[in-house]
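Worksheet for the structure shown next.
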Amino acid sequence: MHIKEICLEGFKSYATRTVVPGFDPHFNAITGLNGSGKSNILDSVCFVLGITNLQQVRAANLQELVYKQGQAGITKATVSVTFDNSEVNRSPLGYEQHSEITVTRQIVVGGRNKYLINGKLAQPSQVQNLFHSTDKSKIKKVIEELDEKKKETLKVTWVKVNQDFGSIFSTLLPGTMAKLEPPEGGSFLDGLEVRVAFGSVWKQSLSELSGGQRSLLALSLILALLLFKPAPLYILDEVDAALDLSHTQNIGRMIKTHFPHSQFIVVSLKEGMFNNADVLFRTKFVDGVSTVQRTVTKQSK
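With the numbering used here, you'll find the sequence shown wraps up at 615, consecutive numbering, no jumps.
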């Protein structure tokens, strides 16, 4: 299940009804000048998914999510996210017959808040269950397997994550190697240590790495862990802000090569990142209102 379309109306800087269609199942990038509304698109998805910590969408209360906090004649914010649900084996329970699922959340200045699923009123718990139901049986199965074969499962995890960790790090920082290995004299059940090599020389300590190199190392390990059990959707907001252009280019290339079955929506100001995207959305702030322009960057197959 992946996002196909987002519709915003009265949400943050999107005063009028704005439809953002044509999301690619894999890699999407959003770019634009500061204040043009690019991060508000990510906030709108989190809003529909039922986020409870409003600080994560840069708001102190729900009213701040309404365009100009309701002071410009607009008193409600509505966001609808349409998901492609054509893969029956990944469909939420009870929605296997629906090729699309549209989840809508609306707030009205004054406190009213409602959800809809495919146009029908729904409770917040129903929306949460919609996104969690596909994982419940998998989680239960994993727990049972860990109870029966804990050591074997941990070893398989270590081998796979270690392989992806090294592959991702060498992609982000060419000419390097990285690995996870047990402490000297111990086994992987006792813990794992991070080792890094530049060329054929293994570093004795991670303190020998620069700040930027350590950032790429941490990002590589996080992504390797995510790759073991890939999620269908990842939302990244300027993760490349502190990196130079060459590293940003490598992150974009890594997303395409290592996460072929996940959808990425990435906010970035750097050309190296969004040049790798399949679809590029450019935001602009015109006459007090955010607008979005879509460009297909990948070659037609």
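We put the CB at the ideal spot given by N, CA and C, even for glycine. Since we're looking at a predicted model, the values are computed, not measured.
When the Cα atoms are used, what is the spatial distance from residue i to residue j?
i, j, result
"G586", "L407", "39 angstroms"
"V417", "N590", "29 angstroms"
"V603", "T597", "10 angstroms"
"R567", "D592", "11 angstroms"
"F588", "G499", "45 angstroms"
"Q563", "G424", "45 angstroms"
"K465", "N367", "37 angstroms"
"I365", "S560", "34 angstroms"
"T389", "V380", "7 angstroms"
"G480", "A511", "10 angstroms"
"A555", "G346", "14 angstroms"
"P550", "L594", "As written in the sequence, residue 550 is Leu, which differs from the Pro given in the question. Near 14 angstroms, if we compare the C-alpha coordinates of L594 and L550."
"E378", "A329", "13 angstroms"
"S413", "H316", "11 angstroms"
"N342", "V580", "6 angstroms"
"L616", "L376", "Outside the displayed span of the chain (315 to 615) sits residue 616, for which this structure offers no information."
"S439", "H446", "10 angstroms"
"N399", "A545", "15 angstroms"
"V441", "R509", "42 angstroms"
"I482", "I565", "9 angstroms"
"T605", "T332", "7 angstroms"
"Q477", "K493", "8 angstroms"
"Q518", "V610", "46 angstroms"
"Q607", "P497", "52 angstroms"
"K382", "K469", "53 angstroms"
"T571", "Y548", "15 angstroms"
"R404", "L541", "17 angstroms"
On the three-state DSSP scale, how would you describe residue i?
i, result
"S396", "In the sequence under discussion, the amino acid at residue 396 is Thr, which differs from the Ser named in the question. Strand at T396."
"M315", "coil"
"I415", "strand"
"L468", "helix"
"I579", "strand"
"T389", "coil"
"T609", "strand"
"D601", "coil"
"L368", "helix"
"F588", "helix"
"L407", "coil"
"L594", "strand"
"K615", "Note that K615 scores 43 on pLDDT, short of 50, meaning its location in the model is unreliable; the coordinates nonetheless yield the value given after this. In this structure, K615 counts as coil in the three-state DSSP scheme."
With residue i and residue j assumed to form a contact (beta carbons below 8 angstroms), what rounded beta-carbon distance in angstroms separates them?
i, j, result
"I431", "I421", "About 17 angstroms separates the two Cβ atoms, so there is no contact after all."
"L506", "E495", "7 angstroms"
"T392", "E319", "The pair is not a contact, with the Cβ atoms about 14 angstroms apart (cut-off 8 angstroms)."
"F599", "G433", "The pair is not a contact, with the Cβ atoms about 31 angstroms apart (cut-off 8 angstroms)."
"V362", "R426", "With a Cβ gap of about 16 angstroms, V362 and R426 do not count as contacting."
Would the C-beta of residue i count as close to the ligand GTP, meaning under 7 angstroms from any of its heavy atoms?
i, result
"V580", "In the structure shown, the ligand GTP is absent, as is every other ligand, since no ligand is present at all."
Query raised in the report: Do the region 515-529 and the region 336-349 meet, that is, are 3 or more Cβ pairs less than 8 angstroms apart?
Result: no
Query raised in the report: Curious, which full-length beta strand (DSSP E) runs of at least 3 residues does the region 420-446 contain?
Result: 426-431, 434-436
**Report entry** Within the region 477-555, ranges of the beta strand (DSSP E) (whole runs, at least 3 residues)
**Finding:** 490-495, 507-512, 547-551
Query raised in the report: At which residue ranges does the region 317-366 contain complete beta strand (DSSP E) runs of 3 or more residues, listed in the order of the chain?
Result: 332-334, 341-346
Requested in this report: Decide yes or no for the touch test of the region 321-330 against the region 574-582: beta carbon pairs closer than 8 angstroms, at least 3 of them.
Outcome: no
**Report entry** Sufficient close CB pairs (3 or more, under 8 angstroms) joining the region 530-540 to the region 473-488
**Finding:** yes
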